Amino acid sequence: MRPELAFLLLIVIASPHPTFCVYYGDVGPDEVNQLNNFDLLILSPVIESEYLSQIHVTKLGYVSLTTVSGNFWEPWVDPQMVQEISIGTYEQWGEYYVNVSDPRWTVMIIDRAIPYLLNKGFDGVFLDNLDAVDWYAWNLPDKSEGLKQGVIELVHKIREKYPEILIVVNRGFSIIDKVALYIDGMLFESFGTYYNFHEKKYMKFSGNDIEWIKVQYSRIESLAKNYEWEYVLLLGYADPDNSTMLAEHYEFMRELDGERPIYIADKYLSEIVVLQSLQTGEEGPPTDSQISKSWSTWTYFLFIVLALVGILFWRLLNPKRIKKYK
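When we follow the numbering used here, the leftmost residue of the sequence shown carries the number 93, and every step to the right adds one.
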(Lines of atoms letter the chains of each structure in order from A; the text may use other names.)
(Lines give C-alpha, C1' and ligand atoms only; values in the text may rest on other atoms or scores of the structure.)
Protein backbone atom coordinates (compact mmCIF):
# COMPACT_ATOMS: atom_id res chain seq x y z
CA MET A 93 0.00 0.00 0.00
CA ARG A 94 1.24 3.48 -0.82
CA PRO A 95 2.29 5.31 2.38
CA GLU A 96 0.01 8.28 1.79
CA LEU A 97 -2.98 5.91 1.49
CA ALA A 98 -1.95 4.14 4.65
CA PHE A 99 -1.82 7.51 6.39
CA LEU A 100 -5.34 8.41 5.20
CA LEU A 101 -6.61 5.03 6.41
CA LEU A 102 -5.09 5.74 9.82
CA ILE A 103 -6.96 9.03 9.98
CA VAL A 104 -10.24 7.32 9.10
CA ILE A 105 -9.73 4.63 11.74
CA ALA A 106 -8.89 7.25 14.36
CA SER A 107 -12.00 9.34 13.63
CA PRO A 108 -15.01 8.95 15.95
CA HIS A 109 -18.49 7.97 14.87
CA PRO A 110 -20.56 10.98 13.77
CA THR A 111 -22.73 12.53 16.47
CA PHE A 112 -25.98 14.45 16.30
CA CYS A 113 -28.31 16.45 18.48
CA VAL A 114 -32.01 17.31 18.26
CA TYR A 115 -32.59 20.55 20.12
CA TYR A 116 -35.57 22.90 19.98
CA GLY A 117 -34.72 25.17 22.90
CA ASP A 118 -33.39 28.70 22.95
CA VAL A 119 -29.90 29.33 21.59
CA GLY A 120 -27.39 31.81 22.95
CA PRO A 121 -23.57 31.90 23.25
CA ASP A 122 -23.41 28.99 25.71
CA GLU A 123 -25.63 26.80 23.55
CA VAL A 124 -23.61 27.68 20.44
CA ASN A 125 -20.47 26.34 22.11
CA GLN A 126 -22.20 23.11 23.09
CA LEU A 127 -23.85 22.58 19.73
CA ASN A 128 -20.57 22.99 17.87
CA ASN A 129 -19.40 19.78 19.55
CA PHE A 130 -21.76 17.70 17.41
CA ASP A 131 -21.49 16.76 13.74
CA LEU A 132 -25.16 17.20 12.79
CA LEU A 133 -27.90 19.32 14.35
CA ILE A 134 -31.68 19.36 14.01
CA LEU A 135 -32.84 22.74 15.27
CA SER A 136 -35.88 24.95 15.70
CA PRO A 137 -36.63 27.08 12.63
CA VAL A 138 -36.82 30.23 14.73
CA ILE A 139 -33.27 30.17 16.05
CA GLU A 140 -31.79 33.66 15.68
CA SER A 141 -29.65 34.03 12.57
CA GLU A 142 -26.90 35.65 14.65
CA TYR A 143 -26.35 32.42 16.56
CA LEU A 144 -27.07 30.06 13.69
CA SER A 145 -24.20 31.64 11.75
CA GLN A 146 -21.84 30.82 14.64
CA ILE A 147 -22.62 27.11 14.45
CA HIS A 148 -20.16 25.55 12.04
CA VAL A 149 -21.52 22.02 11.72
CA THR A 150 -24.27 20.64 9.48
CA LYS A 151 -27.63 22.15 10.43
CA LEU A 152 -31.13 20.99 9.50
CA GLY A 153 -34.18 23.19 10.08
CA TYR A 154 -37.41 21.70 11.40
CA VAL A 155 -40.50 21.50 9.18
CA SER A 156 -43.63 19.48 9.93
CA LEU A 157 -45.06 18.08 6.70
CA THR A 158 -48.47 17.15 8.04
CA THR A 159 -49.26 19.36 11.03
CA VAL A 160 -49.10 23.04 11.86
CA SER A 161 -49.37 24.96 15.10
CA GLY A 162 -49.80 28.40 13.58
CA ASN A 163 -47.60 29.94 16.27
CA PHE A 164 -44.22 31.68 16.13
CA TRP A 165 -42.50 28.37 15.28
CA GLU A 166 -43.76 28.63 11.70
CA PRO A 167 -43.36 32.24 10.55
CA TRP A 168 -44.08 31.20 6.97
CA VAL A 169 -47.63 30.06 7.75
CA ASP A 170 -50.78 31.86 6.66
CA PRO A 171 -53.19 31.33 9.62
CA GLN A 172 -56.27 31.80 7.45
CA MET A 173 -55.10 29.16 5.01
CA VAL A 174 -54.41 26.73 7.86
CA GLN A 175 -57.99 27.07 9.07
CA GLU A 176 -59.24 26.31 5.58
CA ILE A 177 -57.18 23.16 5.02
CA SER A 178 -57.10 21.70 8.55
CA ILE A 179 -58.77 18.31 8.89
CA GLY A 180 -58.41 17.66 12.61
CA THR A 181 -56.57 18.58 15.79
CA TYR A 182 -53.45 17.07 17.32
CA GLU A 183 -54.39 17.87 20.89
CA GLN A 184 -51.22 16.64 22.60
CA TRP A 185 -49.15 19.36 20.94
CA GLY A 186 -51.88 21.90 20.22
CA GLU A 187 -51.52 21.52 16.47
CA TYR A 188 -53.77 20.96 13.46
CA TYR A 189 -53.58 18.15 10.94
CA VAL A 190 -53.57 19.59 7.45
CA ASN A 191 -54.71 18.20 4.12
CA VAL A 192 -51.27 17.55 2.65
CA SER A 193 -52.80 17.01 -0.79
CA ASP A 194 -54.10 20.58 -0.92
CA PRO A 195 -52.03 22.57 -3.49
CA ARG A 196 -51.94 25.53 -1.12
CA TRP A 197 -50.02 23.45 1.41
CA THR A 198 -47.52 22.41 -1.26
CA VAL A 199 -46.88 26.07 -2.07
CA MET A 200 -46.55 26.87 1.65
CA ILE A 201 -43.86 24.24 2.17
CA ILE A 202 -41.91 24.52 -1.07
CA ASP A 203 -42.08 28.26 -1.77
CA ARG A 204 -42.15 29.67 1.74
CA ALA A 205 -41.00 27.28 4.47
CA ILE A 206 -37.92 25.82 2.83
CA PRO A 207 -36.65 29.12 1.35
CA TYR A 208 -37.05 30.67 4.80
CA LEU A 209 -34.79 28.00 6.32
CA LEU A 210 -32.19 28.03 3.55
CA ASN A 211 -31.95 31.83 3.54
CA LYS A 212 -31.45 31.72 7.28
CA GLY A 213 -28.40 29.49 6.91
CA PHE A 214 -29.60 25.92 7.31
CA ASP A 215 -28.00 23.23 5.15
CA GLY A 216 -31.22 21.31 4.67
CA VAL A 217 -34.50 20.30 6.24
CA PHE A 218 -35.75 17.84 8.81
CA LEU A 219 -39.23 16.71 7.75
CA ASP A 220 -41.25 15.70 10.78
CA ASN A 221 -44.55 13.90 11.36
CA LEU A 222 -44.58 11.61 8.33
CA ASP A 223 -46.27 9.12 10.66
CA ALA A 224 -49.34 11.34 10.61
CA VAL A 225 -50.41 9.47 7.49
CA ASP A 226 -51.08 6.54 9.82
CA TRP A 227 -52.84 8.73 12.34
CA TYR A 228 -55.10 9.78 9.46
CA ALA A 229 -55.81 6.12 8.84
CA TRP A 230 -57.08 5.74 12.39
CA ASN A 231 -59.15 8.91 12.48
CA LEU A 232 -60.01 9.49 8.81
CA PRO A 233 -59.90 6.07 7.13
CA ASP A 234 -61.65 7.33 4.01
CA LYS A 235 -58.88 9.88 3.38
CA SER A 236 -55.77 8.07 4.58
CA GLU A 237 -54.61 6.60 1.26
CA GLY A 238 -54.94 9.90 -0.54
CA LEU A 239 -53.04 11.66 2.22
CA LYS A 240 -50.26 9.09 2.09
CA GLN A 241 -49.88 9.78 -1.59
CA GLY A 242 -49.92 13.49 -0.84
CA VAL A 243 -46.95 13.18 1.52
CA ILE A 244 -45.02 11.02 -0.95
CA GLU A 245 -45.59 13.53 -3.74
CA LEU A 246 -44.66 16.46 -1.51
CA VAL A 247 -41.32 14.90 -0.55
CA HIS A 248 -40.70 14.20 -4.25
CA LYS A 249 -41.46 17.82 -5.16
CA ILE A 250 -39.13 19.11 -2.44
CA ARG A 251 -36.30 17.05 -3.88
CA GLU A 252 -37.07 18.22 -7.42
CA LYS A 253 -37.09 21.87 -6.39
CA TYR A 254 -34.04 21.59 -4.11
CA PRO A 255 -31.78 18.83 -5.50
CA GLU A 256 -28.69 19.87 -3.51
CA ILE A 257 -30.03 20.25 0.04
CA LEU A 258 -29.97 17.62 2.76
CA ILE A 259 -33.34 16.02 3.48
CA VAL A 260 -33.82 13.85 6.56
CA VAL A 261 -37.24 12.52 7.54
CA ASN A 262 -38.64 11.33 10.84
CA ARG A 263 -40.04 7.79 10.80
CA GLY A 264 -42.91 7.36 8.31
CA PHE A 265 -42.54 3.58 8.15
CA SER A 266 -45.64 2.95 6.06
CA ILE A 267 -44.34 5.14 3.23
CA ILE A 268 -40.58 5.21 3.77
CA ASP A 269 -39.89 2.90 0.83
CA LYS A 270 -41.82 5.33 -1.41
CA VAL A 271 -39.72 8.35 -0.44
CA ALA A 272 -36.38 6.59 0.04
CA LEU A 273 -35.08 7.75 -3.34
CA TYR A 274 -35.64 11.43 -2.49
CA ILE A 275 -34.02 11.68 0.94
CA ASP A 276 -30.55 11.62 2.48
CA GLY A 277 -31.46 9.84 5.66
CA MET A 278 -33.94 9.05 8.38
CA LEU A 279 -34.34 9.70 12.08
CA PHE A 280 -35.76 6.73 13.99
CA GLU A 281 -37.42 8.50 16.89
CA SER A 282 -38.22 6.51 20.05
CA PHE A 283 -35.70 3.85 19.11
CA GLY A 284 -36.11 1.53 22.08
CA THR A 285 -36.84 4.25 24.64
CA TYR A 286 -39.55 6.89 24.87
CA TYR A 287 -41.53 9.20 27.11
CA ASN A 288 -45.00 8.00 28.09
CA PHE A 289 -47.14 11.14 28.32
CA HIS A 290 -50.04 9.22 29.87
CA GLU A 291 -47.97 7.76 32.70
CA LYS A 292 -45.66 10.78 32.75
CA LYS A 293 -42.43 8.82 32.80
CA TYR A 294 -39.55 7.72 30.60
CA MET A 295 -39.72 4.07 29.61
CA LYS A 296 -38.07 1.32 27.58
CA PHE A 297 -40.05 -0.63 25.03
CA SER A 298 -40.43 -4.37 25.56
CA GLY A 299 -42.05 -7.49 24.13
CA ASN A 300 -43.82 -7.11 20.80
CA ASP A 301 -42.89 -3.43 20.61
CA ILE A 302 -39.19 -4.30 20.58
CA GLU A 303 -39.75 -6.96 17.93
CA TRP A 304 -41.57 -4.40 15.79
CA ILE A 305 -38.70 -1.94 16.22
CA LYS A 306 -36.21 -4.60 15.13
CA VAL A 307 -38.25 -5.39 12.01
CA GLN A 308 -38.54 -1.73 11.06
CA TYR A 309 -34.89 -1.09 11.75
CA SER A 310 -33.90 -3.97 9.49
CA ARG A 311 -35.98 -2.39 6.72
CA ILE A 312 -34.33 0.97 7.30
CA GLU A 313 -30.85 -0.50 7.11
CA SER A 314 -31.70 -2.17 3.79
CA LEU A 315 -33.08 1.08 2.37
CA ALA A 316 -30.08 3.04 3.64
CA LYS A 317 -27.77 0.64 1.83
CA ASN A 318 -29.77 0.47 -1.38
CA TYR A 319 -30.24 4.24 -1.67
CA GLU A 320 -26.89 5.21 -0.15
CA TRP A 321 -28.35 7.38 2.58
CA GLU A 322 -25.90 9.59 4.38
CA TYR A 323 -27.66 9.34 7.74
CA VAL A 324 -29.51 6.84 9.90
CA LEU A 325 -30.03 8.54 13.27
CA LEU A 326 -31.38 6.89 16.42
CA LEU A 327 -33.24 9.07 18.93
CA GLY A 328 -34.28 7.91 22.39
CA TYR A 329 -35.53 9.58 25.55
CA ALA A 330 -34.48 9.69 29.19
CA ASP A 331 -34.45 12.06 32.15
CA PRO A 332 -31.38 14.26 31.58
CA ASP A 333 -31.01 14.75 35.35
CA ASN A 334 -30.85 11.01 36.03
CA SER A 335 -27.40 9.74 35.07
CA THR A 336 -28.28 6.14 35.91
CA MET A 337 -31.29 6.22 33.58
CA LEU A 338 -29.27 7.91 30.86
CA ALA A 339 -26.66 5.17 31.04
CA GLU A 340 -29.28 2.40 31.08
CA HIS A 341 -31.23 3.81 28.15
CA TYR A 342 -28.08 4.40 26.16
CA GLU A 343 -26.90 0.82 26.74
CA PHE A 344 -30.37 -0.51 25.88
CA MET A 345 -30.37 1.39 22.58
CA ARG A 346 -26.79 0.40 21.81
CA GLU A 347 -27.71 -3.26 22.26
CA LEU A 348 -30.36 -2.83 19.57
CA ASP A 349 -27.75 -1.30 17.27
CA GLY A 350 -24.00 -1.27 17.61
CA GLU A 351 -23.06 1.19 14.87
CA ARG A 352 -25.40 4.09 14.21
CA PRO A 353 -25.19 7.42 16.07
CA ILE A 354 -27.45 7.70 19.10
CA TYR A 355 -28.82 10.77 20.84
CA ILE A 356 -30.90 10.74 24.03
CA ALA A 357 -33.20 13.71 24.60
CA ASP A 358 -35.52 15.04 27.25
CA LYS A 359 -39.23 14.76 26.52
CA TYR A 360 -39.54 18.24 25.00
CA LEU A 361 -36.12 18.22 23.28
CA SER A 362 -35.45 21.46 25.11
CA GLU A 363 -32.06 20.57 26.62
CA ILE A 364 -28.69 19.81 25.05
CA VAL A 365 -28.01 16.44 26.62
CA VAL A 366 -24.28 15.76 26.79
CA LEU A 367 -24.46 13.37 29.76
CA GLN A 368 -21.65 15.01 31.66
CA SER A 369 -23.13 13.52 34.85
CA LEU A 370 -21.72 10.15 33.83
CA GLN A 371 -18.27 11.57 34.48
CA THR A 372 -18.99 11.85 38.21
CA GLY A 373 -17.96 8.27 38.88
CA GLU A 374 -21.19 6.38 38.36
CA GLU A 375 -20.81 3.31 36.24
CA GLY A 376 -22.23 3.38 32.74
CA PRO A 377 -21.14 3.46 29.12
CA PRO A 378 -19.88 6.64 27.52
CA THR A 379 -22.31 8.14 25.06
CA ASP A 380 -21.79 9.45 21.56
CA SER A 381 -22.38 12.95 22.94
CA GLN A 382 -19.62 12.53 25.51
CA ILE A 383 -17.27 11.25 22.85
CA SER A 384 -18.10 14.27 20.70
CA LYS A 385 -17.37 16.69 23.53
CA SER A 386 -14.04 15.10 24.45
CA TRP A 387 -12.89 14.91 20.84
CA SER A 388 -13.68 18.56 20.25
CA THR A 389 -10.85 19.65 22.57
CA TRP A 390 -7.99 17.59 21.17
CA THR A 391 -8.96 16.25 17.75
CA TYR A 392 -6.98 18.85 15.85
CA PHE A 393 -3.89 18.33 17.99
CA LEU A 394 -4.07 14.58 17.40
CA PHE A 395 -4.47 15.02 13.67
CA ILE A 396 -1.48 17.37 13.54
CA VAL A 397 0.65 14.78 15.33
CA LEU A 398 -0.55 12.04 12.99
CA ALA A 399 0.13 14.27 9.99
CA LEU A 400 3.71 14.88 11.13
CA VAL A 401 4.24 11.17 11.72
CA GLY A 402 2.78 10.43 8.29
CA ILE A 403 5.08 12.94 6.59
CA LEU A 404 8.12 11.52 8.38
CA PHE A 405 7.09 7.99 7.43
CA TRP A 406 6.60 9.01 3.81
CA ARG A 407 10.01 10.70 3.67
CA LEU A 408 11.77 7.66 5.08
CA LEU A 409 10.22 5.47 2.41
CA ASN A 410 10.82 7.92 -0.43
CA PRO A 411 14.33 9.43 0.02
CA LYS A 412 15.05 9.57 -3.72
CA ARG A 413 11.84 11.39 -4.50
CA ILE A 414 12.65 14.00 -1.85
CA LYS A 415 16.12 14.49 -3.27
CA LYS A 416 14.68 15.05 -6.75
CA TYR A 417 12.80 18.17 -5.59
CA LYS A 418 15.75 19.77 -3.83
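Glycine included, each C-beta is placed from N, C-alpha and C at the ideal position.
Quantities reported herein were computed from a predicted structural model and do not represent experimental measurements.
Query: DSSP bridge partner residues for V155 (one or two, in chain order); Result: L219
Query: Boundaries of the alpha helix (DSSP H) in which Y460 is found, first to last residue; Result: Residue 460 cannot be examined here, being either before or after the span of the chain that is shown, 93 to 418.
Query: Given I257 as reference, the closest of P207, D349, M173 once Cα atoms are compared; Result: P207
Query: Backbone CA spacing between Y115 and N262 [nearest angstrom]; Result: 14 Å
Query: Within 9 Å, strictly: CB atoms of Y355 and L315; Result: no
Query: Neighbourhood of A357 by C-beta distance below 7 Å, restricted to the same chain and skipping five residues each side; Result: V114, L327, Y329, V365
Query: Same chain, Cβ closer than 7 Å to E123, neighbours up to 5 away in sequence not counted; Result: I364
Query: L101 - DSSP class collapsed to helix/strand/coil; Result: Confidence at L101 is low in this model, with a pLDDT of 34, below 50, so its placement is unreliable and the value that follows should be read with caution. The answer is helix: DSSP assigns L101 an H, G or I state.
Query: Reference N288, options Y143, K359, Q241, closest by Cα; Result: K359
Query: Sub-9 Å separation of T285 and M345 beta-carbons; Result: yes
Query: Of the residues V160, D170, Y323, K240, the one placed nearest E351, counting alpha carbons only; Result: Y323
Query: Proximity of Y294 and M337 at Cβ, strictly below 9 Å; Result: yes
Query: Expected contact under 8 Å - CB spacing of V247 and I275 to nearest Å; Result: 7 Å
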